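Positions 5 to 349 (my numbering) are the ones given, in order, by the sequence shown.
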Amino acid sequence: MRVDSFDFDLPREQIADRPARPRDSAGLLVVTDHLCDARVRDLPSHLRPGDLIVVNDTRVIPALLSGHRGKARVQVTLVRDLGDGNWRVLVYPARKLECGDEVLFPSHFKATVVSLGCRGERIIKFNGDTEAVLAYLHRHGTLPLPPYISRSEGADESDVMDYQTIYADRMGAIAAPTAGLHFTSKLLDTLHESGVDMRRLTLHVGSATFRPVAAEDTKDHIMESEWGELSSSVANRVNDVRSRGGRIIAVGTTALRLLETAADENGVVHAFTGDTNLFITPGYHFKAVDLLLTNFHLPRSTLFMLVAAFCGLERIQAAYAHAIRENYRFYSYGDASLLTLNCPP
Numbered sequence: 005m006r007v008d009s010f011d012f013d014l015p016r017e018q019i020a021d022r023p024a025r026p027r028d029s030a031g032l033l034v035v036t037d038h039l040c041d042a043r044v045r046d047l048p049s050h051l052r053p054g055d056l057i058v059v060n061d062t063r064v065i066p067a068l069l070s071g072h073r074g075k076a077r078v079q080v081t082l083v084r085d086l087g088d089g090n091w092r093v094l095v096y097p098a099r100k101l102e103c104g105d106e107v108l109f110p111s112h113f114k115a116t117v118v119s120l121g122c123r124g125e126r127i128i129k130f131n132g133d134t135e136a137v138l139a140y141l142h143r144h145g146t147l148p149l150p151p152y153i154s155r156s157e158g159a160d161e162s163d164v165m166d167y168q169t170i171y172a173d174r175m176g177a178i179a180a181p182t183a184g185l186h187f188t189s190k191l192l193d194t195l196h197e198s199g200v201d202m203r204r205l206t207l208h209v210g211s212a213t214f215r216p217v218a219a220e221d222t223k224d225h226i227m228e229s230e231w232g233e234l235s236s237s238v239a240n241r242v243n244d245v246r247s248r249g250g251r252i253i254a255v256g257t258t259a260l261r262l263l264e265t266a267a268d269e270n271g272v273v274h275a276f277t278g279d280t281n282l283f284i285t286p287g288y289h290f291k292a293v294d295l296l297l298t299n300f301h302l303p304r305s306t307l308f309m310l311v312a313a314f315c316g317l318e319r320i321q322a323a324y325a326h327a328i329r330e331n332y333r334f335y336s337y338g339d340a341s342l343l344t345l346n347c348p349p
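Below is the structure:
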């Protein structure tokens, strides 16, 4: 499909710079065969006893570092640990780092550029192993907020808490699984009391999730891989719930992509550990997920393409038009939508 099929106009003032407080007071647009305006705290009333929520427990690392090559200042965002001190990174300005260049960071930490990639990517080798790099990040790194969140000085103290889910556990993401940012302990307790279970998987959100689509046709876009893990116990729980007539609710597109990666053609979910580069566009046959809780996404993005595949392009376009008219807040700190798979027209 043409990428411009997934375009729409969004007023800048509807891009959220701060989350709703409390988190579950955010708006929730429920999309079935009609549109229903609600709040995230109302989620239990839209689910059923026996349903299963699956969340992504990845934790965002303070992956953004400022360093120097000679007198030139560069920003380095660590994307993925490749082992032995090697990391795939995004560099800005990219032209300032070539193969063999040494980057100096505060407190005598340094790295050498090992190889070049496209669109600002580099592989660099630090003078320390994974544990040393992560320890350094926690002392000197900052959260790499999306560019549409306006902070003249980068992430602040509020972002350190706001840009993590309350169940974030396994470190490795460079962006939050933002649908999960809406959950509070109170909401999780209410869901449990209403008979809705919850399980966790991990998908470390990397550059693939938010990288702009430069191609004119979706078939020409290459989705980069991200690492994920879904345990056998979670796979068994998903299969058991579905066999009993319960529904699987993916919290976020990352959770959905890993569930779909781990599912076979018969819809049976298996344990999975490894990389996924699943790119979902209209025409994809969903096998494991019945409902999707997700934020409102950027035009022409792989995430908007995914929700168009899940809900139908015309229906999601109508839902987004409604959201814009009703002043829903968009993107990472914005409001949420609850989508039902293949809603009837």
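For each residue, glycine too, the CB sits at the ideal point set by N, CA and C.
What you are looking at is a predicted structure, and each value in this text was computed from that prediction instead of being measured.
### Message
Let me check understanding here. Comparing Cα to Cα, which of Val-107, Arg-123, Gly-124 lies closest to Val-117?
### Response
Val-107
### Query
Just the Cα atoms here: how many angstroms apart are Thr-182 and Ala-254?
12 Å
### Query
Can you tell me whether DSSP reads Pro-349 as helix, strand or coil?
Note on Pro-349: pLDDT 46, under 50, position unreliable in the model; the coordinate value appears next. In this structure, Pro-349 counts as coil in the three-state DSSP scheme.
### Task
Would you mind stating whether Val-80 and Val-95 have Cβ atoms separated by less than 8 Å?
yes
### Message
Less than 8 Å between CB atoms is the rule here; does Ser-341 satisfy it with respect to chain B?
### Response
No chain B is present in this structure, which holds just one protein chain.
### Task
Hey, could you find the ends of the beta strand (DSSP E) Arg-18 is sitting in?
Contrary to the premise, residue 18 reads as Gln rather than Arg in this sequence. First-last for Gln-18: undefined, no H or E at that position.
### Task
Run the CB neighbour count on Phe-12, radius 10 Å, all protein chains shown included, and call it buried at 16 or more, exposed below.
exposed
### Query
If you draw a straight line from the C-alpha of Lys-223 to the C-alpha of Lys-291, how long is it?
21 Å
### Message
When you compare the stretch 70 to 86 with the stretch 190 to 199, are there three or more beta-carbon pairs, one atom per stretch, that lie closer than 8 Å?
### Response
no
### Message
I need the straight-line Cα distance from Ala-159 to Thr-146, nearest angstrom please.
### Response
7 Å
### Message
Buried or exposed, going by whether 16 or more other CB atoms sit within 10 Å of the CB of His-289?
### Response
exposed
### Task
Tell me Arg-6's beta-bridge partners as DSSP assigns them.
Asp-221
### Task
Assign Gln-321 to one of three DSSP states: helix, strand, or coil.
helix
### Message
By the three-class DSSP mapping on this structure, what secondary structure does Ile-128 have?
### Response
strand
### Query
Cβ of Thr-280 within 8 Å of Cβ of Leu-262?
yes
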